[in-house]
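Note sheet for the following structure.
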Amino acid sequence: DTEVTQTPKHLVMGMTNKKSLKCEQHMGHRAMYWYKQKAKKPPELMFVYSYEKLSINESVPSRFSPECPNSSLLNLHLHALQPEDSALYLCASSRLADYNEQFFGPGTRLTVL
Amino acid sequence: GDSVTQMEGPVTLSEEAFLTINCTYTATGYPSLFWYVQYPGEGLQLLLKATKADDKGSNKGFEATYRKETTSFHLEKGSVQVSDSAVYFCAMIIQGAQKLVFGQGTRLTINP
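Chains as they are written, first to last, in the numbering used here: chain D, 201 to 313; chain G, 11 to 122.
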């Protein structure tokens, strides 16, 4: 199994909703990432987990809350989002956090109304 | 600081044309270099990589050579197909860092 899976593929939510994005990999990778990508832009790093511990938070607003329950799973909990948070959210994983190529999932297209 | 600069797009070519997408980098440490491709409505796929100077990465007819003297990693393909239409991102990661640094992306359209 050499892929990263993400669910759901699409999500529409209101500003008062609470929702979660899920990411899974079975490649034995010990680093996992959340990125946000706006249209016609490169991905922007949000969070890095290394060995299930949060190692980087790129000053992301607290309405985004990551969680890494185990080495294969990564969640992103969403609460009280703004319309400007609408974007493609990409999960990635790598063998280790340091100096390794990252493998991306297909993304969740999020629309905040 | 660390940065990656790609040629601005969009780039439009005819099928079977030769492709070059330029990429240069500025790095405070020793980087590994990557090309990612993003097809419409999808995530990023790793296209090829090079981890040291003079390495050549190749995949699906695409090639790029890590040139330390010119700090470049240009993407080339000898004969493009309509199915190569996508956005291409050059990226690097510095040894000891955890963060991929992306270029701005180059949108490629191939016409039949």
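We treat Cβ as the ideally placed atom computed from N, Cα and C, and that holds for glycine.
Contacts of residue i in chain D (Cβ-Cβ under 8 Å)
i       : result
E52(G)  : P306, G307
Q114(G) : K241, P242
F44(G)  : E301
K109(G) : L245, V248, I256
Any chain G beta carbon closer than 8 Å to residue i
i       : result
S250(D) : yes
L245(D) : yes
Within chain G, partners of residue i - CB distance below 7 Å
i       : result
F303(D) : L56
Residue-chain proximity (residue i, chain D), Cβ-Cβ < 8 Å
i       : result
L118(G) : no
K59(G)  : yes
F72(G)  : no
F99(G)  : yes
Chain-ordered chain G contacts of residue i [CB-CB under 8 Å]
i       : result
L290(D) : G53, L54
Nearest-angstrom Cβ-Cβ length linking residue i and residue j, presumed shorter than 8 Å
i       : j       : result
L315(D) : F264(D) : This structure leaves residue 315(D) out entirely; chain D is present only between 201 and 313.
A231(D) : A297(D) : 4 Å
S294(D) : H229(D) : 6 Å
I256(D) : Q108(G) : 6 Å
T123(G) : D12(G)  : Since the first and last residues shown for chain G are 11 and 122, residue 123(G) lies out of range.
Q302(D) : L58(G)  : So it is not a contact: roughly 14 Å between Cβ atoms.
L290(D) : G53(G)  : 5 Å
I120(G) : T38(G)  : About 36 Å; that fails the 8 Å criterion.
S220(D) : L276(D) : 7 Å
A63(G)  : K78(G)  : 4 Å
Residues, ordered as in the chain, of the region 210-223 of chain D that lie near chain G by beta-carbon distance below 7 Å: none
The region 255-269 of chain D: which residues have C-beta closer than 8 Å to a C-beta of chain G, in chain order? S255, I256
How about the region 303-312 of chain D and the region 67-82 of chain G: do they share at least three Cβ pairs that are nearer than 8 Å? no
Count the CB pairs spanning the region 82-101 of chain G and the region 221-237 of chain D that are closer than 8 Å, and state whether there are at least three. no
Taking contact to mean at least 3 C-beta pairs separated by less than 8 Å, is the region 41-53 of chain G in contact with the region 245-252 of chain D? no
Does the region 18-25 of chain G come into contact with the region 249-264 of chain D, if we say contact requires no fewer than three beta-carbon pairs (one atom in each stretch) closer than 8 Å? no
Is the region 24-36 of chain G touching the region 48-60 of chain G, taking contact as three or more C-beta pairs under 8 Å? no
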